[in-house]
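Line by line, the protein sequences are chains S and Z. Residue numbers in the first sequence follow numbering that gives the first Met the number 0, run continuously in steps of one, and reach 117 at the last position. Residue numbers in the second sequence follow numbering that gives the first Met the number 0, run continuously in steps of one, and reach 117 at the last position.
Number of protein chains: 2
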Amino acid sequence: MDKVAIRKQPYNDGLGPVFGIIGGKWKAVILWELSDGAVRFGALKRRIPQISEKMLIQQLREMEADGLVHREMFHQVPPRVDYSLTRLGGSLNDALTPLCEWGKQNLQGHPVADETRD
Amino acid sequence: MDKVAIRKQPYNDGLGPVFGIIGGKWKAVILWELSDGAVRFGALKRRIPQISEKMLIQQLREMEADGLVHREMFHQVPPRVDYSLTRLGGSLNDALTPLCEWGKQNLQGHPVADETRD
DNA sequence: TCCATTTCTTACCAGAAAGTCAGTATATGA
DNA sequence: TCATATACTGACTTTCTGGTAAGAAATGGA
Numbered sequence: 000m001d002k003v004a005i006r007k008q009p010y011n012d013g014l015g016p017v018f019g020i021i022g023g024k025w026k027a028v029i030l031w032e033l034s035d036g037a038v039r040f041g042a043l044k045r046r047i048p049q050i051s052e053k054m055l056i057q058q059l060r061e062m063e064a065d066g067l068v069h070r071e072m073f074h075q076v077p078p079r080v081d082y083s084l085t086r087l088g089g090s091l092n093d094a095l096t097p098l099c100e101w102g103k104q105n106l107q108g109h110p111v112a113d114e115t116r117d
Numbered sequence: 000m001d002k003v004a005i006r007k008q009p010y011n012d013g014l015g016p017v018f019g020i021i022g023g024k025w026k027a028v029i030l031w032e033l034s035d036g037a038v039r040f041g042a043l044k045r046r047i048p049q050i051s052e053k054m055l056i057q058q059l060r061e062m063e064a065d066g067l068v069h070r071e072m073f074h075q076v077p078p079r080v081d082y083s084l085t086r087l088g089g090s091l092n093d094a095l096t097p098l099c100e101w102g103k104q105n106l107q108g109h110p111v112a113d114e115t116r117d
């Protein structure tokens, strides 16, 4: 594995490191998709259609290294790999739900996320 | 003001847009620093020493546009500008606290945020 | 006159993050 | 023999983010 870029964040009562761990475009989404149990790589890909394979793998690997995600491979052909949340990943997911709720309540139809503005 | 880059996020039960709004290196930190009332630009700068003026202004402007932050200028010389949270910004801050707690409990001494790894 | 103060703007640049696309391995079934 | 499915890897390119440095405006004070 090659050198992973530091995802550096200013410290701030714990919030900085958190964004270091789930910052970026995909991590939180992936975490969310894993919340109801183990999912195969391919299935995960289908659940998040916009992501590229490369990104999905890259993010999963980083999350695995950070102890959020568990990876289990079955030696079959064609190969099968299941991803699931660790206890830590699950707890992070829990900590994320208020934020998710906030989004649902306050960001419906908000221009951010699908438009450009001046 | 020039075209602001879209901060595009994949939709996911509200979580995508949320990261569109507080994603990036500084927003959450700024939000946090505003939690105990209005702060002058200069004071904010001193509270977050690592941030550059350009970034601070840029992020504040985006947060203002997103309705998270209120900007009040006093016509004095030298100029004085106060920033404070809107109700929306405050509620986002609240939604952020579990995440912050999670970070404090689970990320103490974690390599992310101040190191490089392989 | 010249300097300091404060908030902000602009131009430019480096590096990081994310995207595209082609390729690899292996057993199975047609 | 050949295509298929699956989970990846690597090279390359594009887009985005963040950083530095310089300067503008306006007034009061040395």
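Beta carbons are placed, not taken as given, at the ideal position from N, Cα and C, and that holds for glycine.
So which residues of chain Z does residue i contact, with C-beta pairs closer than 8 Å?
i	result
leucine 106 (chain S)	Gly13, Pro16, Val17, Ile20
Give me the chain Z residues within the contact set of residue i, using Cβ-Cβ distance strictly less than 9 Å, ordered along the chain.
i	result
serine 90 (chain S)	Trp101, Gln104, Asn105
leucine 84 (chain S)	None at all; the shortest Cβ gap to chain Z is about 14 Å.
Pick helix, strand or coil for residue i, following the three-state DSSP scheme.
i	result
tryptophan 101 (chain S)	helix
glutamate 52 (chain S)	helix
leucine 95 (chain Z)	helix
valine 80 (chain Z)	strand
leucine 106 (chain S)	coil
aspartate 117 (chain S)	The predicted model places aspartate 117 (chain S) with a pLDDT of 29, which falls under 50 and marks its position as unreliable; any figure quoted below should be read in that light. Coil at aspartate 117 (chain S), not helix or strand.
glycine 19 (chain S)	helix
Using the beta-carbon count (16 or more within 10 Å), is residue i buried or exposed?
i	result
phenylalanine 18 (chain S)	buried
glutamate 52 (chain Z)	exposed
alanine 94 (chain S)	buried
valine 3 (chain Z)	Only weak support is given to the placement of valine 3 (chain Z): the predicted model assigns it a pLDDT of 31, under 50, and the value that follows is read from those uncertain coordinates. Its Cβ having fewer than 16 others within 10 Å, valine 3 (chain Z) is exposed.
methionine 72 (chain S)	exposed
glycine 15 (chain Z)	buried
methionine 36 (chain Z)	Strictly speaking, residue 36 (chain Z) in this sequence is glycine, with methionine absent from that position. Glycine 36 (chain Z) should be labelled exposed.
glycine 88 (chain S)	buried
valine 28 (chain S)	buried
valine 68 (chain S)	buried
glycine 102 (chain S)	buried
glutamate 114 (chain Z)	Low confidence applies here, because glutamate 114 (chain Z) scores a pLDDT of 39, under 50, leaving its location unreliable; read the following figure in that light. Answer is exposed; the Cβ neighbour count stays below 16.
Strictly below 7 Å CB to CB, what residues from chain Z border residue i?
i	result
alanine 27 (chain S)	Leu14, Phe18
glycine 87 (chain S)	The amino acid at residue 87 (chain S) is misidentified as glycine; the sequence shows leucine. Within chain Z, the residues near leucine 87 (chain S) are Asn105.
Along chain S, which residues have their Cβ under 7 Å away from the Cβ of residue i?
i	result
proline 97 (chain Z)	Ala94, Pro97
Hey, would you say residue i sits closer than 8 Å to residue j, going by beta carbons?
i	j	result
isoleucine 47 (chain Z)	leucine 91 (chain Z)	no
serine 34 (chain Z)	leucine 84 (chain Z)	yes
glutamine 75 (chain Z)	tryptophan 25 (chain Z)	no
valine 80 (chain Z)	arginine 39 (chain Z)	yes
leucine 43 (chain Z)	leucine 30 (chain Z)	no
proline 97 (chain S)	proline 97 (chain Z)	yes
glutamate 61 (chain Z)	arginine 70 (chain Z)	no
If you measure from the CB of residue i, is any heavy atom of the ligand NAP nearer than 7 Å?
i	result
proline 48 (chain Z)	For the structure depicted, the ligand NAP is absent and the ligand set is empty, with no information on it obtainable.
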